[in-house]
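Participant: My questions all concern the structure below.
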Amino acid sequence: MADYLVIVESPAKAKTIGKYLGKKYTVKASMGHIIDLPKSQMGVDTENDYQPKYITIRGKGPVLKELKTAAKKAKKVYLAADPDREGEAIAWHLAHKLDIEEDTKCRVVFNEITKSAIKESFKHPRTVNTDLVNAQQARRVLDRLVGYNISPLLWKKVKKGLSAGRVQSIAVKMIIDREREIQNFTPEEYWSIPSVFKHGEETFEAKFHSLNGEKTELKTEEDVNAVLENLDGDAFNIDEVKQKERKRNPVNPFTTSSLQQEAARKLNFRAKKTMLVAQQLYEGIELGSEGTVGLITYMRTDSTRISNTAKQEAKEYIEANYGESYTRKTERSEKQDANSQDAHEAVRPTAIFKDPKFIKSYLSRDQYRLYKLIWERMVASEMAPAIMDTMTVDLSQNGVNFRATGSKVKFSGFMKVYVEGSDEKKNDENKFLPDMKEGETVHKEEITPKQHFTQPPPRYTEARLVRTMEELGIGRPSTFAPTLDTIQRRNYVALEDKRFVPTELGEIVLEQIVEFFPEILNVEFTAQMENDLDKIEEGSADWVEIIDDFYQGFEKRLQVAEEEMKEVEIRDEPAGVDCEECGHEMVYKMGRYGKFMACSNFPDCRNTKPILKEIGVDCPKCEDGSIVERKSKKNRTFFGCDQYPECDFISWDKPIARPCPKCSSLLVEKKSKKGVHVQCTSCDYKEEPN
152 MADYLVIVES PAKAKTIGKY LGKKYTVKAS MGHIIDLPKS QMGVDTENDY QPKYITIRGK
212 GPVLKELKTA AKKAKKVYLA ADPDREGEAI AWHLAHKLDI EEDTKCRVVF NEITKSAIKE
272 SFKHPRTVNT DLVNAQQARR VLDRLVGYNI SPLLWKKVKK GLSAGRVQSI AVKMIIDRER
332 EIQNFTPEEY WSIPSVFKHG EETFEAKFHS LNGEKTELKT EEDVNAVLEN LDGDAFNIDE
392 VKQKERKRNP VNPFTTSSLQ QEAARKLNFR AKKTMLVAQQ LYEGIELGSE GTVGLITYMR
452 TDSTRISNTA KQEAKEYIEA NYGESYTRKT ERSEKQDANS QDAHEAVRPT AIFKDPKFIK
512 SYLSRDQYRL YKLIWERMVA SEMAPAIMDT MTVDLSQNGV NFRATGSKVK FSGFMKVYVE
572 GSDEKKNDEN KFLPDMKEGE TVHKEEITPK QHFTQPPPRY TEARLVRTME ELGIGRPSTF
632 APTLDTIQRR NYVALEDKRF VPTELGEIVL EQIVEFFPEI LNVEFTAQME NDLDKIEEGS
692 ADWVEIIDDF YQGFEKRLQV AEEEMKEVEI RDEPAGVDCE ECGHEMVYKM GRYGKFMACS
752 NFPDCRNTKP ILKEIGVDCP KCEDGSIVER KSKKNRTFFG CDQYPECDFI SWDKPIARPC
812 PKCSSLLVEK KSKKGVHVQC TSCDYKEEPN
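Following the working numbering, the numbering of the sequence shown begins with 152 at its first residue and continues without gaps.
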């Protein structure tokens, strides 16, 4: 038996660390938490300082027994769970179960799984940090008090199987509030006057800017006509030409939140998938003869800080591959957000010289794409700013002023490696203007007034929701992905075209919580609670007092809700069709995963069917079928024949109701970064997006 026992959470992490520590160390995995609150009961003693009633998690008995046996044979036990609250709680529970004294320096933490970081961390073990443990314990108890009290109430008053959580309820409310904003939105008319002018042989675009030197709002067609009445002829005078350089600085390395947002924009990853793949990169990937290597630093962080060693590595890489002019000359700003804990470095590669293209063959497609994104962001953050040449041209006729703007990249700087994505459409960086001078004349090619209407705020994407929650101080790096996953699994919200829409069930549940537990849905209250948890972690607040302050008012609201909350009957709606098995009417029912059709003769007849949405396209494979929208087991939308299983036609792309003009085959809508375009499923016919 080895002299030392090291306990981590996962087998992958154990394998990587074991390689670095050598034969004197045995590394075993606890497989996550060993101890937790029971699922079958509240597990919190509200009469005795909210003490948790911990039990060994079902199925973890053999793992704990194995760890106890190994601990008895070892000279010393090291607890090396992740460097966050959850990791500290795992270490604390293990220390108690393995009879490790509280003052024993058994806790080892590291931000990256590399040989140097592991070796260094084992030189400086510490005791288990009880402040971190208390912060985790307070969050766990708080969420139990909310979930295990409100959920049974919802079962009794609304529907069995419902549940409510603290941060999840806020997220659902944000989505529902946005949907109501959209529904109540009143579009307002406005106009623009985009125009094309010619200078010599070159044309350029300009937009109406002002009338007689004053900004003029174009709200109606009459406003436009009033402007155009002043124009006479095609010649316009160039009044002013402004040219200047503009610096564009690179963005900071990733935090958990910004990584989830950018992976959604650029890789189409859900938040849950991003964290799963990042965990794999952190714990270690087999790189041929080099063995298992941790490729990125710890991925749950709200800091943009990076080590001096990483900065120096980045500088050397940039100089070697792009030249000295591309290196950053000033220190990057690492100002943290007011809500930031700044406990760890930013998410970055553990070794800059591990260029993604050199290790691509060892990574899965998803691992490669995410690692490349993290690597490029880190390298770019240490590069010189880009320099843009910008040009603004004002041209006029009879007091009607048009303005043209253009820019081009003079020095690419960090943009040679990486440019951050955006939720909004941006103009192309290189929008050239002809070389024009004040006093010259240009000629009108085309002036085309356009009518517009203001648009409602967009529905939340996962990226936008994460960003908003972070800005409001709701949740922390470790909670964003689980929160979004939970509200979808509970069918409180659904994703349509990658944007959140509330379900009827979500609105019903929220209505009850709003009326009886307003503090749960108060953004300021929830953000303050997160700050209180941070104070517990810092050792400046007592966790029992924080929980008691909350529970005293919450318990009174519970009593009122028990007495006054009315029962909500979710009635079955007629589906308008008869059951093909018994002839009774089919109805729409609300289930755990959303609405479905079921026979009204239940339980005598148990026939059920999914709700199919017709899209008005005949099946191209059979004579009798129509194409309907369906959902896969992973809730991904696809299209298939309504005669399934007799007809097995399916398509991930949405078919459209007209044939290909070239070969008469099926046309489908294809989505890309440029928009939605139409293409044929059989030949090379393609229609570019508008």
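Quick reminder that beta carbons are idealized off the backbone N, C-alpha and C, glycines included.
Please go through the same chain and pick out, in chain order, the residues whose beta-carbon is closer than 6 Å to the beta-carbon of Lys-561, but skip the five residues on each side of it.
Facilitator: For the purposes of this step, residue 561 is identified with residue 410 of the sequence shown, where counting begins at 1. Closer than 6 Å at the Cβ level, and outside the excluded window around Lys-561, lie Ile-538 and Asp-540.
Participant: If you compare alpha carbons, which of Leu-763, Asp-700, Glu-647 and Lys-508 is closest to Thr-612?
Facilitator: The count along the sequence shown starts at 1 and reaches residue 612 at position 461. Checking every option, the nearest Cα to that of Thr-612 belongs to Glu-647.
Participant: What's the call for Leu-379, buried or exposed, on a 16-neighbour Cβ count within 10 Å?
Facilitator: For this step, residue 379 is matched to residue 228 along the sequence shown. Counting Cβ neighbours within 10 Å, Leu-379 comes out exposed, since fewer than 16 surround it.
Participant: Here's the rule I'm using: 16 or more other beta-carbon atoms within 10 Å means buried, otherwise exposed. How should Cys-750 be labelled?
Facilitator: Residue numbering aside, residue 750 sits at position 599 when the sequence shown is read from its first letter. Buried.
Participant: Return the chain-ordered list of same chain residues with a C-beta closer than 8 Å to the C-beta of Lys-466, the five sequence neighbours on each side being excluded.
Facilitator: Taking the first residue of the sequence shown as 1, we reach residue 466 at position 315. Excluding residues within five positions, the ones whose Cβ falls inside 8 Å are Thr-478, Arg-479 and Glu-533.
Participant: Which class does Gln-830 belong to by DSSP, given the choice of helix, strand or coil?
Facilitator: Against the sequence shown, residue 830 aligns to sequence position 679. Three-state result, Gln-830: strand.
Participant: Judging by CA-CA distance, which residue of Leu-249, Arg-236 and Gly-173 is the nearest neighbour of Lys-227?
Facilitator: Mapped onto the sequence shown, residue 227 falls at position 76. Among Leu-249, Arg-236 and Gly-173, the Cα nearest to that of Lys-227 belongs to Leu-249.
Participant: Hey, out of Ala-357, Arg-516, Thr-448 and Val-779, whose CA is closest to Asn-552's CA?
Facilitator: Translated into the one-based positions of the sequence shown, residue 552 becomes position 401. Cα-wise, what sits closest to Asn-552 is Ala-357.
Participant: Rounded to a whole number of angstroms, what is the C-alpha to C-alpha distance between Leu-844 and Lys-179?
Facilitator: The first residue shown for the chain is 152 and the last is 841, placing residue 844 beyond what the model contains.
Participant: Rounded to whole angstroms, what is the Cα-Cα separation between Arg-499 and Thr-406?
Facilitator: Mapped onto the sequence shown, residue 499 falls at position 348. Mapped onto the sequence shown, residue 406 falls at position 255. Using only the alpha carbons, I get a separation of about 9 Å.
Participant: Using the beta-carbon count (16 or more within 10 Å), is Gln-492 buried or exposed?
Facilitator: Residue 492 sits at position 341 when you count from the first residue of the sequence shown. The predicted position of Gln-492 is uncertain, since its pLDDT is 47 and thus under 50; no value can be drawn from it.
Participant: Quick one: what's got a C-beta closer than 6 Å to Lys-821's C-beta in the same chain, skipping five residues either side?
Facilitator: Position 670 of the sequence shown, counted from the start, is the residue given in the question as residue 821. If we look at Lys-821 and ignore the five residues flanking it on each side, its Cβ neighbours are Asp-804, His-828 and Gln-830.
Participant: Can you tell which of Pro-607, Gly-212, Glu-252 and Lys-211 has the C-alpha that lies nearest to the C-alpha of Leu-230?
Facilitator: Residue 230 sits at position 79 when you count from the first residue of the sequence shown. Ranking the options by Cα distance to Leu-230, first place goes to Glu-252.
Participant: Examine the Cβ distances between the segment 317-336 and the segment 264-281 and report whether three or more of them are shorter than 8 Å.
Facilitator: Counting Cβ pairs under 8 Å, fewer than three are found: no touch.
Participant: What would DSSP say about Pro-338, mapped onto helix, strand or coil?
Facilitator: Stepping through the sequence shown from its first residue, residue 338 is reached at position 187. Here Pro-338 sits in coil by DSSP.
Participant: With a threshold of 16 other CB atoms inside 10 Å of the CB of Asp-579, please say whether the residue is buried or exposed.
Facilitator: The residue you call residue 579 lines up with position 428 of the sequence shown. Residue confidence is low: Asp-579 scores 47 on pLDDT, short of 50, so the model does not pin down where it sits. No coordinate-derived value is stated.
Participant: Starting from the Cα of Gly-624, find the closest Cα among Lys-595, Ala-678 and Asn-642 and give me that residue.
Facilitator: Residue 624 sits at position 473 when you count from the first residue of the sequence shown. The shortest C-alpha separation from Gly-624 is found at Ala-678.
Participant: For Arg-809, which of helix, strand or coil comes out of DSSP?
Facilitator: Taking the sequence shown and counting its residues from 1, the one referred to as residue 809 is at position 658. Three-state result, Arg-809: strand.
Participant: Which one of Ser-823, Gly-791 and Cys-834 has the shortest CA to CA distance from Pro-812?
Facilitator: As a working mapping, residue 812 is identified with position 661 in the sequence shown. Answer by Cα proximity: Cys-834.
Participant: Decide if the segment 705-718 is in contact with the segment 336-345; the criterion is three or more beta carbon pairs, one per stretch, under 8 Å apart.
Facilitator: Judged by Cβ distances under 8 Å, the segment 705-718 makes no contact with the segment 336-345, as fewer than three pairs qualify.
Participant: Determine which residues share a DSSP beta bridge with Leu-818 and list them.
Facilitator: Numbered from its first residue, the sequence shown carries residue 818 at position 667. Leu-818 pairs with Cys-831.
Participant: How about Ser-802 and Phe-789: are their beta carbons less than 9 Å apart?
Facilitator: For the purposes of this step, residue 802 is taken as the residue at position 651 of the sequence shown. For the purposes of this step, residue 789 is taken as the residue at position 638 of the sequence shown. The answer is yes: Cβ separation under 9 Å.
Participant: In angstroms with no decimal places, state the Cα-to-Cα distance between Lys-190 and Glu-658.
Facilitator: Locating residue 190 in the sequence shown gives position 39, where the first residue counts as 1. Locating residue 658 in the sequence shown gives position 507, where the first residue counts as 1. Lys-190 and Glu-658: Cα-Cα distance of roughly 26 Å.
Participant: My output table needs one value for Gln-412: the three-state DSSP class, helix, strand or coil.
Facilitator: In the sequence shown, counting from the first residue as 1, residue 412 sits at position 261. If DSSP states are grouped into helix, strand and coil, Gln-412 belongs with the helices.
Participant: Please state if the CB of Gln-394 and the CB of Thr-592 are separated by a distance shorter than 9 Å.
Facilitator: Looking up residue 592 in the sequence shown gives position 441. Looking up residue 394 in the sequence shown gives position 243. For Thr-592 and Gln-394, no; Cβs fall outside 9 Å.
Participant: For Lys-366, count neighbouring C-beta atoms within 10 Å of its own C-beta (all shown protein chains included) and say buried if the count is 16 or more, exposed if not.
Facilitator: As a working mapping, residue 366 is identified with position 215 in the sequence shown. Label assigned to Lys-366: exposed.
Participant: Classify Ala-489 as buried or exposed, calling it buried when 16 or more other Cβ atoms lie within 10 Å of its own Cβ.
Facilitator: On the sequence shown, position 338 is the one that residue 489 refers to. The predicted model places Ala-489 with a pLDDT of 48, which falls under 50 and marks its position as unreliable; any figure quoted below should be read in that light. Classification of Ala-489: exposed, given that the 10 Å Cβ count is below 16.
Participant: Please state if the CB of Gly-435 and the CB of Val-428 are separated by a distance shorter than 9 Å.
Facilitator: Counting from 1 along the sequence shown, the entry for residue 428 is found at position 277. Counting from 1 along the sequence shown, the entry for residue 435 is found at position 284. Not a contact, by the Cβ cut-off of 9 Å.
Participant: Have a look at Asn-472, Arg-483, Leu-410 and Leu-418 and flag the residue whose alpha-carbon is nearest the alpha-carbon of Thr-452.
Facilitator: The count along the sequence shown starts at 1 and reaches residue 452 at position 301. Among Asn-472, Arg-483, Leu-410 and Leu-418, the Cα nearest to that of Thr-452 belongs to Leu-410.
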